[in-house]
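The block underneath contains the structure these notes are about, expressed in structure tokens.
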Amino acid sequence: MTGQKSILITGCSSGIGYDAAHGLKERGWRVFATCRKPQDCARLEDEGLESFPLDYESQDSMVAAVAETLNRTGGTLDAVFNNGAYGIPALVEDLPTDALRANFETNFFAQHELTRQLLPTFRKQGHGRILMNSSVLGFAALPWRGSYNSTKFAMEGWADTLRLELDGTGIDVILIEPGPITSRIRENSIPHYEKWIDPETSARREDYKNKLEKRLYSDSGKPDPFELPASAVTSVVYKSLTASRPKARYRITTPTRLFAVLKRLLPTRWLDTLLLKV
Ligand SMILES: NC(=O)c1ccc[n+]([C@@H]2O[C@H](COP(=O)([O-])OP(=O)(O)OC[C@H]3O[C@@H](n4cnc5c(N)ncnc54)[C@H](OP(=O)(O)O)[C@@H]3O)[C@@H](O)[C@H]2O)c1
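Take the sequence shown: its position 72, counting from 1, is numbered 392 in the working numbering, and each next residue is one higher.
What follows is the structure, encoded as structure tokens:
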């Protein structure tokens, strides 16, 4: 179809990526809804989406996904949404360095790599939108989330730099900053926690048992205060894709907006006092 806009999205098996894939397709976009696991691609194809694998942990998979995308479009692409990611809940002092490296591989280095693979196409056509799924935790850190916080803080610095460097090219770099959104992010962090963290060796082993694990393994289904459905992110993603001059940052949920203001106003120690209460 002529004039139809196209987007490649990562991490579409659940949560924000899943909703964005369906929501953007409904809004007329051609969506390449990639997933880490082939069985999720098959499920999405059954639902009428175009889907093929893209695993941030595999360079070959990213190369193949970019080739597949450009093959299907005839060499063009309007946007990419770097969305797939996960967390490793733990205290910073208990994170093996290799755990941090692994988390950075998916949440940061692979997103750099995928973006680099697409930039020649964006440059050639003179336009493109690079959407990065950051977080309120990309600028306000919470305890027990050091690995995830660090990857998102890195993403923010990376995106701010790339935006400056691409000024005047027609290519926009956009940070999406959600707060609490209904998804599988907590459940999906469990295998990473179990792989890397040994609470028995921690100086705060009681806190792991009585606090972190209670929350991690709880299936109460009770949403966080201020939690919004993934569709709230999709609406903002659509806005950022269609705005004639997109903003550098889109803040979603009350906590994100609140902490963005507080971070500018409060001394760090005062902000710490608030963050310790969250
Ligand atoms: N939910 C929130 O409150 C919230 C708030 C702020 C920001 N975010 C951000 O939103 C994005 C989506 O998260 P979500 O909340 O929708 O959580 P989710 O339901 O857990 O979805 C995460 C997605 O990332 C995928 N993923 C994980 N490792 C991957 C890899 N190696 N290669 C490709 N994809 C991979 C997962 O695939 P599998 O199913 O195969 O593991 C899944 O599709 C993340 O960047 C997250 O940081 C979420």
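Glycine included, each C-beta is placed from N, C-alpha and C at the ideal position.
Nearest to residue i (by Cα), restricted to the options the options
i    : options                : result
S503 : K345, D339, E497       : D339
Y558 : T330, A399, E507, G331 : A399
E507 : N391, M382, Y406       : Y406
Q431 : L451, G490, P587       : L451
G343 : A550, R569, N402       : A550
E285 : R525, F424, A362, Q324 : Past the boundaries of the shown model lies residue 285; the chain is included only from 321 to 598, so the question cannot be answered.
V598 : L578, L585, R584       : L578
K357 : S333, G337, R350       : S333
N453 : L536, T471, R465       : T471
A479 : E365, W590, R569, R565 : R569
Q437 : G335, P416, N402, L561 : N402
T562 : I329, G331, W349       : W349
E413 : Y528, F473, L439       : Y528
W516 : T396, G368, A419, R443 : A419
N469 : G499, E433, G490, L594 : G499
DSSP state of residue i mapped onto helix, strand, coil
i    : result
V493 : strand
L390 : helix
F372 : coil
G407 : coil
S455 : coil
V351 : strand
S326 : strand
I517 : coil
A399 : strand
Y537 : coil
F428 : helix
R449 : strand
K542 : coil
E485 : helix
A523 : coil
R436 : helix
L594 : helix
G335 : helix
S509 : helix
E367 : coil
S564 : coil
Identity of the residues DSSP links to residue i by a beta bridge
i    : result
P575 : Bridge partners of P575: none, in fact.
L548 : I501
Y570 : I496
R465 : A410
Proximity test, Cβ basis, 8 Å: residue i and chain C
i    : result
K345 : Any reference to chain C falls outside this structure, which holds one protein chain only.
Cβ-heavy atom distance, residue i to ligand 3, below 7 Å
i    : result
G343 : Ligands present in the displayed structure are limited to ligand 1, and ligand 3 is not among them.
Expected contact under 8 Å - CB spacing of residue i and residue j to nearest Å
i    : j    : result
G394 : G337 : The Cβ separation is near 25 Å, so there is no contact.
A362 : V351 : With 8 Å as the limit, A362 and V351 do not qualify as a contact, their Cβ atoms being about 16 Å apart.
P373 : V456 : Actually they are not in contact, since the Cβ atoms of P373 and V456 sit about 30 Å apart, beyond 8 Å.
L599 : L596 : Within the shown structure, residues of the chain are numbered from 321 to 598, placing residue 599 beyond reach of any answer.
T354 : L328 : 7 Å
A580 : R589 : Between R589 and A580 the Cβ distance is about 18 Å, and since that is not below 8 Å, they are no contact.
Notebook entry, point to check: Touch check for the region 431 to 449 and the region 539 to 548: three-plus C-beta pairs under 8 Å?
Noted result: no
Next item on the list: Would you be able to state if there are at least three C-beta pairs under 8 Å between the region 412 to 426 and the region 370 to 379?
Entry: yes
Notebook entry, point to check: How about the region 407 to 422 and the region 456 to 469: do they share at least three Cβ pairs that are nearer than 8 Å?
Noted result: yes
Item checked: the region 505 to 524 in contact with the region 477 to 494 per 3-pair CB rule at 8 Å -> no
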